[in-house]
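J.:
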Amino acid sequence: MSCFMQVAAPPSHLPPNSSSNSNHHNSKSQYRKHTISLLQKCRNANQIAPIHANVVKNGQEHDYFIVFELLRVCSKCDAIDYALKIFQKIQDPNVYHYTALIDGLVLSGSYYHGIRMYVHMIGNFVYPDNFVINSVLKACGLELDLRMGEQIHAQGLKLGLCSNRQVKLKLIELYGKSGEFEDMKRMFDEMPERDVVAMTVMMSSYFEHELAERACGIFDLVKAKDTVCWTAMIDGLVRNGEMSKALEYFRQMQREGVRANEFTIVCVLSACAQLGALELGKWVHSYVEKYDIEVNHFVGSALINMYSRCGSIEEAGEVFEGMKEREASTYNSMIVGFALNGKSTQALEMFQRMINDGTKPTNITFVGVLNACSHGGLVDFGFEIFERMQIDYSVEPQIEHYGCIVDLLGRAGQVEEAYKFIQNMKLTPDHIIWGSLLSACKVHENYVLGEQVAKILLNHDCSDTGTYVLISNFYSSCGKWKEALLVRAKVKESGIQKEPGCSSIEVGNEIHEFLLGDIRHPQKKAIYRKLEEMNQKLRLEGYYPQVDVVSQDLKDQEKEQALAIHSERLAICYGLISTEPRSTLRIVKNLRVCDDCHTTIKLMSKITQRKIIMRDRNRFHHFENGSCSCGDYW
DNA sequence: GTCTGAAGGG
């Protein structure tokens, strides 16, 4: 990298001042002015080519100012290929051209190429300025290329290009993203004033490194918190799994009179979606309408996602239909939403609509479509999609797609075929794939293959507690209590914490959370009374607990008790006593629902004449009048 | 003739 330290003196890259004729000069400068103003108005890539053609026709394709504007507008419209073509024709690109190109590369996510372009520029003895340093540091930060960033920092210092505020901000971002917090703070302290922007960058860096407390510390120090600062805070909390806290901050933001924008809304909706907070989500939706927040594809997808993850797929559909512009992500949200809610036919119809509308499907599209096939028992069609995905749409199957196929076969009872499929996969199967097969073995009672898979999983260095629970439950279901206990012991020994089962229900804009046998709720007495009443009614319906799902070594009566206080039942009982009769109950559970609870909730929906919509870790269960939308396979 | 921090989905 020695070339970095030896930058040639600034060459003159000024456009040739060839014309001595002032009339000619004037018309040329007017043409330039006119063209640049046209280019600046471009909103999308197809508007560029005609202007470019006109420039060529007028023999001005070597005008440095026009070419610079062309590059900028290409970058802005994410037409990076076009920008590269133009760039290649520039005889002696100057620092402006390099900057515009690097910006475009960064915008299109090609950070590495942005950095290479800078190196190329230095190699061609083009003298850097603080603009290009700014752009390339952005690329280094996003690429997490700390070493290159440090070198450019050193070079910038030598050339006196780092005192600029924008450059300082990029250095803060670079060091922050790389986790070099000492350097980050040093850069911040060098800034003349403590501005919001720099502090926002630092907050985000701390959140990215899961240092929520430090981020909060910075946030508290910001005097005039603006929309972006609040949004970064809310976003950081959501990413750190603190949904309720994120929503609390959103309320606080409102109280302090700071208006939310599209970014904020997307973050808040994500929190609502993860919590299953439908009422709050609806309130956010009305906020969007009230304050005329543009339903761009981010906001649209976030709304669709929120409604579908709250089990309200109809409202998701209404948002979709109301959108003016739809991108692949819009269709994806809808397809995934239908699949999640067990609406296979609608998911496939939406896929067809996406194709008819000329939207190119993505890898996520196929995850949704394949899930829908799996749920609908459409084995042959699923395989057809899996083939077409590669041939017609050149989407290479990822591990998730393979997982869908294993699920598809397993659910249809073709367990041996699923095993063969895994053996012939192009990718190395992960614990999710094997787990999916083990689930199928359990449901279809193929204990011989199941044991083989369980052994593979136990040797498969995976620290996922869900997998261990699955293995243990598999052993219990085929009566191998000793093995089941051994697996549990192994988990204990390894010190992996099992995520405690937690169910929540939204009542009156508030989320109520319940753990197993939880007694923290203020209305616990009424809740347990309701639970007892339900248990009696369940017995009258001829219900007997399936004690085998509780694989701890307990006596039967104890097992029965352990089952009866599973968190989802507490949440449902609370819903029963705190909402209108016959209204729908919406429960969100962080883990998968157990067999016994599933059976029980089916009966409860019948006894209480309530629709109970429950989202578990993977999918929705719409319980109604004694049956469930999942068809008893999950 | 250029440079503002935050962004969805499995």
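Counting in full-length UniProt numbering, the first sequence runs from 1 upward without gaps.
Ideal placement from N, C-alpha and C gives every residue a C-beta, glycine not left out.
#1: Residues in its own chain within less than 8 Å of residue 169 by CB, not counting five upstream and five downstream?
#2: Going by DSSP in three states, residue 327 sits in which element: helix, strand or coil?
#3: Among the candidates 194, 141, 391, whose CA atom is the shortest distance from the CA of residue 180?
#4: Mind checking which residues open and close the alpha helix (DSSP H) that includes residue 84?
#5: Are there 16 or more other CB atoms within 10 angstroms of the CB of residue 422, so buried, or fewer, so exposed?
#6: By Cβ distance, which residues of its chain are closer than 7 Å to residue 115, with the 5 residues on each side in sequence left out?
#7: Beta carbon of residue 377, beta carbon of residue 411: below 8 Å?
#8: If you drop the 5 nearest sequence neighbours on each side, which residues of the same chain put their C-beta closer than 6 Å to that of residue 591?
#9: Within the same chain, show all residues whose beta-carbon is closer than 8 Å to that of residue 9, passing over the 5 residues directly before and after it, in chain order.
#10: What runs of the alpha helix (DSSP H), each 4 residues or longer, lie entirely inside the region 313–379?
#11: Can you check the region 136–213 for any beta strand (DSSP E) of at least 3 residues that lies completely inside it and give the ranges in chain order?
#12: Per DSSP, residue 512 forms a beta bridge with which residues?
#13: For residue 111 and residue 357, what's the separation of their Cα atoms in angstroms?
#14: Taking the straight line between their C-alpha atoms, what separation do you get for residue 598 and residue 456?
#15: What span of residues does the beta strand (DSSP E) with residue 586 cover, start to end?
#16: What is the DSSP secondary structure of residue 431, reduced to helix, strand or coil?
#17: Please look up how many angstroms separate the CB atoms of residue 80 and residue 104, rounded, as I've assumed it's under 8 Å.
#18: Just how far apart, CA to CA, sit residue 430 and residue 188?
#19: On the DSSP bridge list, what partners appear for residue 612?
#20: DSSP state of residue 628, grouped into three classes?
#21: Report buried or exposed for residue 600, applying the criterion of at least 16 other Cβ atoms within 10 angstroms of its Cβ.
#22: What is the C-beta distance between residue 398 and residue 363, in whole angstroms, given that I count them as a contact (C-beta under 8 Å)?
#23: Please state if the CB of residue 348 and the CB of residue 316 are separated by a distance shorter than 8 Å.
#24: With H, G and I counted as helix, E and B as strand and the rest as coil, what does DSSP make of residue 51?
#25: By Cβ distance, which residues of its chain are closer than 6 Å to residue 253, with the 5 residues on each side in sequence left out?
#26: Are residue 310 and residue 586 closer than 8 Å when you measure CB to CB?
#27: Consult DSSP for residue 698 and reduce its assignment to one of helix, strand or coil.
#28: Within 10 angstroms of the Cβ of residue 283, are there 16 or more other Cβ atoms? Answer buried if so, exposed if not.
#29: Given that a residue counts as buried once 16 or more other Cβ atoms are within 10 Å of its Cβ, and exposed if not, what is residue 361?
#30: Who are the Cβ neighbours of residue 306 in its own chain at under 6 Å, not counting the five residues just before and after it?
T.: The structure says:
#1: 197, 198, 201
#2: Three-state result, residue 327: coil.
#3: 141
#4: 80–89
#5: buried
#6: Same-chain partners within the cutoff: 136, 139, 140, 143, 145, 148.
#7: yes
#8: Taken in chain order, the residues that qualify are 501, 617.
#9: Below a pLDDT of 50, predicted positions are generally treated as unreliable, and residue 9, at 41, falls in that range; no measurement from the model is reported.
#10: 313–322, 328–340, 344–356, 363–376
#11: Qualifying beta strand (DSSP E) stretches: none in this window.
#12: DSSP lists 505 as partners of residue 512.
#13: 32 Å
#14: 28 Å
#15: Start and end: 585–589.
#16: helix
#17: Residue 80 to residue 104, Cβ: 5 Å. Contact.
#18: 43 Å
#19: 585, 623
#20: DSSP places residue 628 in the strand class (E or B) of the three-state scheme.
#21: The residue in question, residue 600, is buried, as its Cβ has 16 or more Cβ neighbours within 10 Å.
#22: 6 Å
#23: Judged by their CB atoms, residue 316 and residue 348 are not nearer to each other than the 8 Å cut-off.
#24: Residue 51: helix per DSSP, three-state reduction.
#25: Only residues of its own chain outside the window of five on either side were considered, and among them 230 have a CB closer than 6 Å to the CB of residue 253, listed in chain order.
#26: yes
#27: Missing from the structure shown is residue 698; the chain here goes from 1 to 634 and no further.
#28: exposed
#29: When all chains shown are included, residue 361 counts as buried.
#30: Here residue 306 has 269, 272, 273, 281 as same chain residues with Cβ atoms under 6 Å from its own Cβ, once five neighbours each way along the sequence are excluded.
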